[in-house]
Amino acid sequence: MAPVQPLLQVDGVTLQYKTREHLVTATYRVSFDVHHSDRFVLLGPSGCGKSTLLKAVGGYLAPVEGRIRLKGRDVTRPGRDRVMVFQEFDQLLPWKTVRQNVMFALLESGTLAGREAEERAMTYIEKVNLTRFADAYPHTLSGGMKQRVAIARGMAMEPDVLLMDEPFAALDALTRRKMQDDLLQLWEGTGFTILFVTHSIPEAVRIGNRVLLLSPHPGQVWAELDSDGQDRVDSATGRRLSERIHDMLFAGHAVEDKAAARA
Amino acid sequence: MREQDFGVVRKPLSVLERIYGNGFVRKGLILAVLAAIWQVYGLYLDNPLLLPTFFATLRSFFERIASGELPLKALTSIEVLLQGYAIGLALALVFTIAAITTRIGNDLLETLTAMFNPLPAIALLPLALIWFGLGSPSIVFVLVHAVLWPVALNTHSGFQGVSGTLRMVGRNYGLSGVRYVWKILIPAAFPSILSGLKIGWAFAWRTLIAAELVFGTTSGSGGLGWFIYENKNTLDIPAVFAGLFTVILIGLLVESLIFRTVERHTVRRWGMHV
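Taken in sequence, the protein lines are chains A and B. Taking my numbering, I'd label the letters of the first sequence as residues 1 to 263. Taking my numbering, I'd label the letters of the second sequence as residues 1001 to 1274.
#1: Please decide whether Gly977 of chain B counts as near chain A, where near means a Cβ-Cβ distance under 8 Å.
#2: Taking the C-alpha atoms as reference points, what is the distance between Arg132 of chain A and Thr19 of chain A?
#3: Give the DSSP-derived three-state secondary structure of Leu1235 of chain B in the structure shown.
#4: Along the alpha helix (DSSP H) that carries Lys1183 of chain B, what are the first and last residues, could you check?
#5: Tell me whether the segment 81-100 of chain A and the segment 163-173 of chain A touch, counting them as touching only if at least three CB pairs, one residue from each stretch, are closer than 8 Å.
#6: Taking the C-alpha atoms as reference points, what is the distance between Glu1069 of chain B and Lys96 of chain A?
#7: State yes or no: is the beta carbon of Val24 of chain A nearer than 8 Å to at least one beta carbon in chain B?
#8: Answer with buried or exposed for Asn1233 of chain B, where buried requires no fewer than 16 other C-beta atoms within 10 angstroms of its C-beta.
#9: According to DSSP, is Gly208 of chain A part of a helix, a strand, or is it coil?
#10: Below 8 Å on the Cβ atoms is my contact criterion, and I expect Ser1077 of chain B with Leu1208 of chain B to pass it. Report the Cβ-Cβ distance as a whole number of Å.
#11: Please confirm if Thr1101 of chain B has its CB atom under 8 Å from at least one CB of chain A.
#12: For the segment 1247-1267 of chain B, which residues have a CB atom closer than 9 Å to at least one CB atom of chain A, in sequence order?
#13: So, under 8 Å CB-CB, Arg206 of chain A and Gln180 of chain A are touching, yes? Tell me the CB distance rounded to an integer number of Å.
#14: Quick check on DSSP: helix, strand or coil for Trp222 of chain A?
#15: Distance, Cα to Cα, Leu1310 of chain B vs Ala1204 of chain B?
#16: Quickly, what does DSSP pair Glu65 of chain A with across the bridge? List them, please.
#17: Quick one: using the 10 Å Cβ neighbour count with 16 as the cut-off for buried, is Glu203 of chain A buried or exposed?
#18: Just to confirm the assignment, what range does the alpha helix (DSSP H) spanning Ser31 of chain A have?
#19: Under three-state DSSP, which class holds Leu1194 of chain B?
#20: By DSSP's criteria, Thr198 of chain A is part of a beta bridge. Which residues make up the other side?
#21: Indicate whether Asp33 of chain A and Leu15 of chain A have their beta-carbon atoms separated by less than 8 Å.
#22: What residues from the segment 1142-1165 of chain B come within 8 Å of chain A, judged by C-beta to C-beta, listed N to C?
#23: Which first and last residues belong to the alpha helix (DSSP H) in which Val161 of chain A is found?
#24: What residue range does the beta strand (DSSP E) around Arg232 of chain A cover?
#25: Can you check which of these residues, A:Ile68, A:Pro218, A:Tyr124, is closest to Lys267 of chain A by C-alpha distance?
#26: Using only alpha-carbon positions, find the residue among B:Trp1201, B:Ala1211, B:Thr1155, B:Gly1222 that is nearest to Phe1190 of chain B.
#27: Going by beta-carbon coordinates alone, are Arg39 of chain A and Trp187 of chain A separated by less than 8 Å?
#28: How would you label Trp1149 of chain B, buried or exposed, when you count the other beta carbons within 10 angstroms and need 16 or more for buried?
#29: How many Å lie between Asp226 of chain A and Pro6 of chain A at the Cα?
#30: Does any residue of chain A have a CB that is nearer than 8 Å to the CB of Trp1131 of chain B?
#31: I'd like to check one pair, Val1140 of chain B with Gly1225 of chain B: are the Cβ atoms closer than 8 Å?
#32: For the structure I just gave you, are there three or more beta carbon pairs, one from the segment 1181-1199 of chain B and one from the segment 1255-1274 of chain B, closer than 8 Å?
#33: Please list, in chain order, the chain A residues whose beta carbon lies closer than 7 Å to that of Met1115 of chain B.
#34: Please list, in chain order, the chain B residues whose beta carbon lies closer than 7 Å to that of Ser109 of chain A.
#35: Under the rule that 16 or more other beta-carbon atoms within 10 Å means buried, what is Glu1017 of chain B, buried or exposed?
#36: Just to make sure I have the definition right: I need the residues of chain B whose C-beta is within less than 9 Å of the C-beta of Gln267 of chain A. Which are they?
Here it is, written out as structure tokens:
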């Protein structure tokens, strides 16, 4: 068997964006590989450039240095092979029903047409348990339901990788927990590849099978950890995974030492 | 817990309560009271040259409709209005598309709307008369000004207000150029566009009647404004009132039938009304 090529390769990527007054470096030479069926989590405090990194993978922003490749091809623009799910509830088109929202993605991207589009849309709406609400307009749905529609829309595209930008951050704690379980269950069924951004340590530990820790200002890779979702105690240190992550993120000095050592 | 502890769980409202709950009924009641006051005061004044009674006005209104005069005048007015409205909308579309695609177009639109939006369109009528002469082109010119700026201003600010998330969603599914404007920007900005259309309509209607008061549109067959002016000259005051009545009626009909219907089927259904 030939060596497995990573699905998504992020290689030495530096990202910068301009605000009105500043040129900001969001990430500095970040590298990681995402393999097929990974649930890859980008975790870091605000200002570590994780969302910017996700947008770059989405093709909305070009790296100033380094390369982003999907299946070996350079990412240059947004495309139907990488679908974003956002945190904001307004990612659904308010003038379209749940069914039409999912179909819109399939039709406009030229993925499917006519009956096939409708059938595929309904299949995924059923997967997120919203069949009863297929003809409801988004404003009549709760926040969690809206996010489920967005996930259904993303999954219906059957993209190479589903890019999720803190999709549950605006939900209440109970709904959030439920959505995490649901997402894992959906993954069990289909094994789609997820690149997931969050700043919540418990969420990262639950959702991810691999977690990339990023340090802030600018974002740099700090560590890459494996997780089995159980937050197990590490035999070497005697601490839980979430505690280890917490220590790394909040031991501010360690960041500066590391940065100094690298420089 | 026993059922009667709740008092009322669910009970139908009485017929009277339900009738009073209807907005049309309440507003109809107000109109009836106003008409009654008018009628009584008209009778008391007993001077049809100053204030004809409500029923005299109504009679004149129906007579003029039966003779075909009022419908003809109204039609003339609406015809000119639609010309001005259509040209104004087309120009507004061109300006806003230029404004969202280029920075200089944006600056141009902002400057022009800042200049012309506060200027009452009717103030341009004397100039229009010199440029286009006595006739409908002058009125159309003024109407275009009444419509263009508010519609362009609202549409543009609507486009600018479209959330970054929706824009990214559109691009994610491969929309660009005209399809992006048509499938994402216009529906997302529709509440603003619709309110622009309503303001443009109201401005145009007032401007039209005002302009017609100055002169008839074309030889002999002026619009409603001209009808009011003519009848004032012949001291047929009930007809003046009937003319005003028609102006109000058409304004109300367009607002409540056309715009309200569009609103109910779009922004209200989508939960986008502000």
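Virtual Cβ for every residue (Gly too), placed ideally from N, Cα, C. Small disclaimer: the values here were computed from a predicted structure and weren't measured.
Let me lay it out:
#1: This structure cannot speak to residue 977 of chain B, because chain B is shown only from 1001 to 1274.
#2: Against the first sequence, residue 132 of chain A aligns to sequence position 132. Against the first sequence, residue 19 of chain A aligns to sequence position 19. Taking the straight line joining both Cα atoms gives about 44 Å.
#3: In the second sequence, residue 1235 of chain B corresponds to position 235, counting from 1. Reduced to three states, the DSSP call for Leu1235 of chain B is coil.
#4: In the second sequence, the residue the question calls residue 1183 of chain B occupies position 183. Lys1183 of chain B -> no alpha helix (DSSP H), and no H or E assigned at all.
#5: yes
#6: On the second sequence, position 69 is the one that residue 1069 of chain B refers to. On the first sequence, position 96 is the one that residue 96 of chain A refers to. Approximately 46 Å between the Cα atoms of the pair.
#7: What you label residue 24 of chain A is simply residue 24 of the first sequence in a count that begins at 1. It does not; no Cβ of chain B falls within 8 Å.
#8: To locate residue 1233 of chain B, count along the second sequence from 1; it is residue 233. It counts as exposed.
#9: Residue 208 of chain A sits at position 208 when you count from the first residue of the first sequence. If DSSP states are grouped into helix, strand and coil, Gly208 of chain A belongs with coil.
#10: For the purposes of this step, residue 1077 of chain B is taken as residue 77 along the second sequence, with counting starting at 1. For the purposes of this step, residue 1208 of chain B is taken as residue 208 along the second sequence, with counting starting at 1. With a Cβ gap of about 6 Å, Ser1077 of chain B and Leu1208 of chain B count as contacting.
#11: Your numbering for residue 1101 of chain B matches position 101 in the second sequence. Not closer than 8 Å to any Cβ of chain A, the Cβ of Thr1101 of chain B fails to qualify, so no.
#12: Thr1266, Val1267
#13: For this step, residue 206 of chain A is matched to residue 206 along the first sequence. For this step, residue 180 of chain A is matched to residue 180 along the first sequence. Right, the Cβ-Cβ distance comes to about 5 Å (below 8 Å), so this counts as a contact.
#14: Working through the first sequence from its first residue, we reach residue 222 of chain A at position 222. In the structure shown, Trp222 of chain A sits in a strand (DSSP, three-state: E or B).
#15: This structure cannot speak to residue 1310 of chain B, because chain B is shown only from 1001 to 1274.
#16: For this step, residue 65 of chain A is matched to residue 65 along the first sequence. Its beta-bridge partners are A:Thr14.
#17: The residue given as residue 203 of chain A occupies position 203 in the first sequence. By the neighbour-count rule (16 or more Cβ atoms within 10 Å), Glu203 of chain A is buried.
#18: Numbered from 1 along the first sequence, position 31 holds the residue referred to as residue 31 of chain A. Unbroken run through Ser31 of chain A is the beta strand (DSSP E), 23-34; no alpha helix (DSSP H).
#19: Start at 1 with the first residue of the second sequence, and residue 1194 of chain B comes out as number 194. Helix, per DSSP.
#20: As a working mapping, residue 198 of chain A is identified with position 198 in the first sequence. DSSP lists A:Leu43 as partners of Thr198 of chain A.
#21: If you number the first sequence from 1, residue 33 of chain A lands on position 33. If you number the first sequence from 1, residue 15 of chain A lands on position 15. Contact flag unset, no.
#22: Ser1163, Thr1165
#23: Position 161 of the first sequence, counted from the start, is the residue given in the question as residue 161 of chain A. Segment 161-165 is the beta strand (DSSP E) holding Val161 of chain A; no alpha helix (DSSP H) there.
#24: Taking the first sequence and counting its residues from 1, the one referred to as residue 232 of chain A is at position 232. Looking at the DSSP string, Arg232 of chain A is not in any beta strand (DSSP E), and its letter there is neither H nor E.
#25: Residue 267 of chain A cannot be examined here, being either before or after the span of chain A that is shown, 1 to 263.
#26: Locating residue 1190 of chain B in the second sequence gives position 190, counting from the first residue. Phe1190 of chain B has its Cα closest to that of B:Thr1155, out of B:Trp1201, B:Ala1211, B:Thr1155, B:Gly1222.
#27: The residue labelled residue 39 of chain A in the question sits at position 39 within the first sequence. The residue labelled residue 187 of chain A in the question sits at position 187 within the first sequence. Result yes, Cβ atoms of Arg39 of chain A and Trp187 of chain A sit closer than 8 Å.
#28: Along the second sequence, one-based indexing puts residue 1149 of chain B at 149. That one is buried.
#29: In the first sequence, residue 226 of chain A corresponds to position 226, counting from 1. In the first sequence, residue 6 of chain A corresponds to position 6, counting from 1. Near 17 Å, if we compare the C-alpha coordinates of Pro6 of chain A and Asp226 of chain A.
#30: Start at 1 with the first residue of the second sequence, and residue 1131 of chain B comes out as number 131. With 8 Å as the cut-off, Trp1131 of chain B does not count as an interface residue toward chain A.
#31: Position 225 of the second sequence, counting from 1, holds the residue named residue 1225 of chain B. Position 140 of the second sequence, counting from 1, holds the residue named residue 1140 of chain B. Not a contact, by the Cβ cut-off of 8 Å.
#32: yes
#33: On the second sequence, residue 1115 of chain B is found 115 positions in, with the first residue counted as 1. Correct list: empty, because the minimum Cβ distance to chain A is about 27 Å.
#34: By 1-based counting over the first sequence, the position of residue 109 of chain A is 109. Tyr1173, Gly1174, listed in chain order.
#35: Along the second sequence, one-based indexing puts residue 1017 of chain B at 17. Looking at its Cβ environment, which holds fewer than 16 other Cβ atoms inside 10 Å, Glu1017 of chain B is exposed.
#36: Only positions 1 to 263 of chain A appear in this structure, which leaves residue 267 of chain A out of reach.
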